[in-house]
Amino acid sequence: MPFGQRLTQIVVESGQIHAQYFDFSLPQTGIDADTPFWAGPAVFRCITDPDLLDAVESIVGPEIWSNPVQHVRLKPPERLVPKNHNGQALVSATNWHQDNGVVLPEADDSEVLTVWFPLNEATLENGCLRIMPRSHRRGLQTHCPGGPGGLWIPELFMDMDAAMPVPMQPGDVLFLTQHTIHGSLANNSDDIRWSFDLRYNPIGQPTGRDLFPGFVARSRANPESVLRDPAAWEKLWRDTRDRLAQETHTPFNRWNADAAVCA
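Numbering of the sequence shown is given in the numbering used here, commencing with residue 277 and proceeding in unit increments.
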């Protein structure tokens, strides 16, 4: 049975999503000593792929930090996804947001580049991304807590007629600034939609999640500083998990549901 069908069957039979077992990051809260994550060598090779870093370098420059705000997205068919107490699917269309909105203010001036690519075809039917063209010119917008993904920008403040879906094939890559407003459609197909989103910024700039480990992915000025060992990268995350399991920390969130636009 193909991976997508197997994962969907597990979701149906267990009534849970199990996304954290596949993610190469940690959750914002509830971290303990056995919180699952997957930071295997194939993922590291994706993050440090020379051709990908060439493209990143053309945008952020030659001193490249791998920002730890990074995820695998597994979006099962919505009709088969378990519902929450309000009857909403646990994984659905992703609300409109900016990546700058999900990190701390310390990274507001960082030049964070989002790199999004599908591992299988991303279509209108299975929940491809959609973007608001030129929305990066508006700067950071107020986000409201709640909903799929945890934060959202009210559609009241956007021209919905301008929204552009972005179907993509495996091998395609979408580059977004930290201020590009984007979201995704629901998965109305019979298979999963599977994607990676990675982030990079110039070395020395705050990532917005300083509790999580980043690393030097490329440096023309100091090539000896580049991390090349996937096992060392996995250990960074394992050590971070062990440390945060012993500490209390607040979520990486600046927003308040009491904001006027969220009423």
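Think of the CB as a built atom: it goes at the ideal place given N, C-alpha and C, for glycine as much as any other residue.
Within the model, the alpha-carbon separation for arginine 519 versus glutamine 304 is close to 14 Å. By the Cβ rule, the stretch 450-459 does not count as touching the stretch 492-512, because fewer than three pairs are nearer than 8 Å. The C-alpha of glutamate 289 lies about 23 Å from the C-alpha of serine 471. Between arginine 485 and valine 336, the C-beta gap is not smaller than 8 Å, which leaves the two residues out of contact. Of the residues Pro352, Gly306, Thr418, the one whose Cα lies closest to the Cα of cysteine 538 is Thr418. Measuring C-alpha to C-alpha distances from leucine 432 to each of Ile340, Trp314, Asn371, Leu512 identifies Asn371 as the nearest. The three-state secondary structure of asparagine 343, taken from DSSP, is strand. Of Glu510, Leu350, Leu389, the smallest CA-CA separation from glycine 280 is found for Leu350.
Annotation: the continuous alpha helix (DSSP H) that includes arginine 321 extends over 317-323. With a contact defined as Cβ atoms closer than 8 Å, proline 353 and leucine 366 miss out at about 12 Å.
In the three-state reduction of the DSSP assignment, alanine 398 falls in the strand class. Assignment of beta strand (DSSP E) within the stretch 425-512, counting only whole runs of 3 or more residues, yields 440-442, 450-453, 458-460, 469-478, 491-495 in chain order. Taking the Cβ atoms as the reference, phenylalanine 320 lies roughly 14 Å from aspartate 299, outside the contact range of under 8 Å.
Taking all protein chains in view, the Cβ of histidine 294 is surrounded by fewer than 16 other Cβ atoms within 10 Å, so the residue is classified as exposed. Around the C-beta of aspartate 375, 16 or more other C-beta atoms lie within 10 Å, and the residue is accordingly described as buried. By the criterion of a C-beta distance shorter than 6 Å, histidine 347 is surrounded in its chain by Asp299, Ser301, Asp473, once the five residues flanking it on both sides are discounted. Only buried fits arginine 469, as 16 or more other CB atoms lie within 10 angstroms of its CB. A Cβ-Cβ distance of about 5 Å is found for the pair alanine 521 and alanine 309, placing them in contact under the 8 Å criterion. DSSP, reduced to helix, strand and coil, places histidine 412 within a helical segment of the structure shown. Closest option to alanine 318, judged by alpha-carbon separation, among Pro499, Pro430, Leu395, Ala331: Leu395. Residue nearest to serine 386 within the set Gly415, Ala369, Met444, Ala438 is Gly415 (criterion: CA-CA distance). By the criterion of a C-beta distance shorter than 8 Å, alanine 438 is surrounded in its chain by Met408, Pro409, once the five residues flanking it on both sides are discounted. Closest by C-alpha distance to threonine 526, out of Pro338, Leu328, Ser342, Val379, is Val379. Alanine 507 is positioned such that its CB atom lies no closer than 8 Å to that of leucine 329. For isoleucine 407, there is no enclosing alpha helix (DSSP H); the residue is part of the beta strand (DSSP E) that begins and ends at 405-407. If you check the CB distance, tyrosine 476 and valine 287 do not come in under 8 Å. In terms of Cβ geometry, leucine 452 and proline 489 do not form a close pair [threshold 8 Å]. Around the C-beta of glycine 306, fewer than 16 other C-beta atoms lie within 10 Å, and the residue is accordingly described as exposed.
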